[in-house]
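Chains as they are written, first to last, in full-length UniProt numbering: chain C, 1 to 239; chain S, 1 to 239. For glycine and all other residues, C-beta sits at the position ideal for the given N, C-alpha and C. Notes follow the structure.
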């Protein structure tokens, strides 16, 4: 039995997801005997660059390659850099963001029709945190991202999910339900604290479970040790 | 470019390595843009069962499958259960343990001659911890593992590495160099605390680096965002 894969595709919020308390590592730990969690996070990428990266990121797609059971797509936090502020370099307009998400989803579904794609919205932005932890020189004293603008990308992401009939984790709204979300969930106004990672983990697990993908439904590839007859172990390993 | 793999093969100390502060997650995080860290940990397994598991654990070995750059093998903590105590079920005699390690290494090297195999010895045992956190019913009041007996497996593991000419991480000795290792590194006398995980991570990174496998030597599969020309991004993605 080949172990199924769950691919995490996105920007730095995905790339850093195997750090301390990270949501990717937590998924890998949850599915430790059931699925390989494959990290395809590219720090700083917007959807325009993610589109250019997709063939390499998702592998050769050779005939022998098993379709992943699921792919998470978490993009938009960089697209949502304001076009007239210090990180304009990353900006992608909302309409193009939507189209790029559609193109990424189409690419995945065309290659792997059975694969569940789960969209994740960008998280909210703590503007104060961005000013305290700017990326490089931010001389104009204005945050390069605002929560309101990030929210418009979150809404665009949700509408793409609706148009494609796929699940979406609305991180932007979910996090803001908690008082003090700005510092509790975001380490620098944008990236996730361990508590912020925990929310992503829980929401992704809930979305996967709702679609029938969970530790209860995925098989183990090899017997649990408690199932092994130590006097005749080969018996337990026969398929 | 297909991203290289590092496979972690072993028992619960590998299976749990993507938990909080885990050494597997830390490796995945370190190599986040360079290599896939693939979890093949099987809780409770000894080398006898690992031998029966190896074909499934290491995949089909199809022609299109890229040889992993490295495989870590961390086994012996279960073999080293004493044959006359409560977890005798897991016990494998030292000579058979050595032969089984040889067979596992041969299997990997035959399939993938270029792959670096790194042996890791079982960690030391805190017998007090084992009595406080027994597995199931331990009615005789004696630890099912002792540090001395685990040490004989560690020595056997080191001698196998020498016979095969491959690197070995001597976790059993390394951990005991630190005063208070019993509680600092082991959560239940056997499994690893975050500090214990940190040592495994650092030692594995050192062993890989010594053999030329590091973040400095492995290429990225896609450009870093700082290398992308936002006015002509395609240029950066041409291979």
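Whole alpha helix (DSSP H) runs in the segment 46–125 of chain C with 4 or more residues, listed along the chain?
47–57, 94–111
Decide if the segment 26–46 of chain C is in contact with the segment 181–199 of chain S; the criterion is three or more beta carbon pairs, one per stretch, under 8 Å apart.
In this structure the segment 26–46 of chain C does not touch the segment 181–199 of chain S; the number of beta carbon pairs closer than 8 Å is below three.
Within the same chain, show all residues whose beta-carbon is closer than 8 Å to that of residue 223 of chain C, passing over the 5 residues directly before and after it, in chain order.
236, 237
Quick one: is residue 175 of chain S near chain C, going by C-beta distance under 8 Å?
no
Terminal residues of the continuous beta strand (DSSP E) containing residue 128 of chain C?
Where residue 128 of chain C is concerned, there is no enclosing beta strand (DSSP E), although the alpha helix (DSSP H) it sits in stretches over 127–132.
Just to make sure I have the definition right: I need the residues of chain S whose C-beta is within less than 7 Å of the C-beta of residue 233 of chain C. Which are they?
48, 49, 52
Does DSSP put residue 41 of chain C in a helix, a strand or coil?
strand
Looking at the secondary structure, which residues open and close the beta strand (DSSP E) in which residue 6 of chain S lies?
5–10
Kindly list the residues whose CB is nearer than 7 Å to the CB of residue 227 of chain S, restricted to its own chain and excluding five residues on each side of it in sequence; keep chain order.
236
Which partner residues does residue 216 of chain S have in the DSSP bridge list?
None; residue 216 of chain S has no bridge partner.
Is there a Cβ from chain C that is less than 8 Å from the Cβ of residue 77 of chain S?
no
Would you list, in chain order, the members of the segment 138–167 of chain S that have their beta-carbon closer than 8 Å to a beta-carbon of chain C?
none
Residues of chain S with CB closer than 7 Å to the CB of residue 221 of chain C, please, in chain order.
56
Please name the residues in the segment 201–226 of chain S whose beta-carbon is closer than 8 Å to at least one beta-carbon of chain C, in chain order.
221, 222, 224, 225, 226
Going straight from the alpha carbon of residue 49 of chain C to that of residue 43 of chain C, what length do you get?
11 Å
Using the Cβ count rule (16 or more neighbours within 10 Å means buried), how would you classify residue 1 of chain C?
It is exposed - the Cβ of residue 1 of chain C has fewer than 16 other Cβ atoms within 10 Å.
Please name the residue, chosen from S/214, S/74, S/19, that lies closest to residue 8 of chain S on a Cα-to-Cα basis.
S/74
Rounded to the nearest angstrom, what separates residue 208 of chain C and residue 128 of chain S at their Cα positions?
41 Å
In whole angstroms, give me the CA-to-CA distance for residue 188 of chain S and residue 90 of chain S.
Each residue's alpha carbon lies about 18 Å from the other.
Could you tell me how far apart the beta carbons of residue 6 of chain S and residue 69 of chain S are, in whole angstroms, since I believe they sit closer than 8 Å?
6 Å
Listing by chain order, which chain S residues have their CB less than 9 Å from the CB of residue 117 of chain C?
Within 9 Å Cβ-Cβ: nothing; residue 117 of chain C doesn't reach chain S, min ~20 Å.
Three-state secondary structure (DSSP) at residue 139 of chain C?
coil
Considering only C-alpha positions, which residue in the set C/192, C/204, C/12 is nearest to residue 247 of chain C?
Residue 247 of chain C cannot be examined here, being either before or after the span of chain C that is shown, 1 to 239.
Quick one: using the 10 Å Cβ neighbour count with 16 as the cut-off for buried, is residue 132 of chain S buried or exposed?
exposed
Thinking residue 146 of chain S and residue 125 of chain S are a contact (beta carbons under 8 Å), I'd like their distance in whole angstroms, please.
6 Å
Can you tell me which of the three DSSP states residue 224 of chain C falls into?
coil
Name the chain S residues that come within less than 7 Å of residue 230 of chain C, Cβ to Cβ?
Neighbours of residue 230 of chain C on chain S, chain order: 89.
For the segment 189–215 of chain C, list the alpha helix (DSSP H) runs that are entirely contained and at least 4 residues long, ordered along the chain.
List check, alpha helix (DSSP H) in window: 194–210.
Is it the case that the Cβ atoms of residue 80 of chain S and residue 185 of chain S are separated by a distance below 8 Å?
For residue 80 of chain S and residue 185 of chain S, no; Cβs fall outside 8 Å.
Run through the DSSP bridge pairs and tell me what residue 186 of chain C is partnered with.
C/192
I'd like to know whether the C-beta of residue 196 of chain S is nearer than 8 Å to at least one C-beta of chain C.
no
Please indicate yes or no: does the CB of residue 8 of chain C lie closer than 7 Å to some heavy atom of the ligand GDP?
The ligand GDP is absent from the structure shown, which contains no ligands of any kind.
If you count every other CB in all the chains shown that lies within 10 Å of the CB of residue 143 of chain C, and 16 or more means buried, which is it?
Taking all protein chains in view, the Cβ of residue 143 of chain C is crowded by 16 or more other Cβ atoms within 10 Å, so the residue is classified as buried.
Can you tell me the Cα-Cα spacing of residue 234 of chain C and residue 58 of chain C, whole angstroms?
36 Å
Figure out for me which residue from C/3, C/99, C/191 has the closest Cα to the Cα of residue 130 of chain C.
Cα-wise, what sits closest to residue 130 of chain C is C/191.
What residues in the segment 103–132 of chain S bring their beta carbon closer than 8 Å to a beta carbon of chain C?
none
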